[in-house]
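Notes for the one structure printed next.
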Amino acid sequence: MTSPEPVLPLGRRRRADPTLLPAQPVAYHQLLRGPRWRWWRPLVSLLLLVGLLLVALVVVFGTFEALDGPLPDRWVGTLDEEWSPVTNLELDLSLAALIPVAALAVAIAHRVRPGWVSSVTGRLRWTWLGRCLLVCLPVWALYLGVGSFVDPVEPGRPDH
């Protein structure tokens, strides 16, 4: 018995099937509703997203728990008392984990390239990203500089 799909050598992957995308131009939010769209694909994508997100969050929070101590000791009390640069990094990394998780869930469930999550062209537009950074980084640096003079950090003795 032969399989309908050819066997590829190890390390070689099949590209996403272009027939999964609409043939005619559509709005971005309708992009995944191509000719082979099925009602269950968004549900599978959502379940994958939740499952992969749980795995990613366990990795992020587990790493910080192993390095910085148990979570209950750091997260009790108000945020003003317990907020630190390490806590901020932990939160930022947990949010950053959403990007590859969303791309992977869409790639698996809808069988399209993960680049369709971030752009209408199906790939990350590096030129556009560079232009945006050229505009935003000087404004952000000015914001940080002015903020450090207007509201300086007062050196104090740590509470521990």
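Each number in my numbering corresponds to the 1-based position in the sequence shown with 65 added. Just so you know, even glycine gets a beta-carbon here, dropped at the ideal spot from N, CA and C.
Q: Take S149 as the anchor and find which of W181, S213 and F129 has the nearest alpha-carbon.
A: F129
Q. For A88, which of helix, strand or coil comes out of DSSP?
A. coil
(Q) Could you compute how far the alpha carbon of V72 sits from the alpha carbon of T186? (A) Since pLDDT at V72 reaches only 49, below the 50 mark, its modelled position is unreliable, and no value is offered.
Q: With a threshold of 16 other CB atoms inside 10 Å of the CB of P179, please say whether the residue is buried or exposed.
A: buried
Q | Nearest candidate by alpha-carbon position, reference L113, set A172, W181 and L209 | A | A172
Q. In three-state DSSP terms, what is P31?
A. Residue 31 is absent from the structure shown; the chain starts at 66 and stops at 225.
Q. Are A161 and S110 closer than 8 Å when you measure CB to CB?
A. no
**Q.** Exposed unless 16 or more other CB atoms sit within 10 angstroms - verdict on E219
**A.** exposed
Q: Identify the continuous alpha helix (DSSP H) that holds T192 and give its terminal residues.
A: W191 to V215
Q | Short Cβ contact (8 Å threshold) for A170 with L97 | A | no
Q | Cutoff 6 Å; reference L85; Cβ partners in own chain excluding five residues on either side | A | G99, R101, R176 and V177
Q) Out of V166, L198 and L199, which has the shortest C-alpha to C-alpha gap to S183? A) V166
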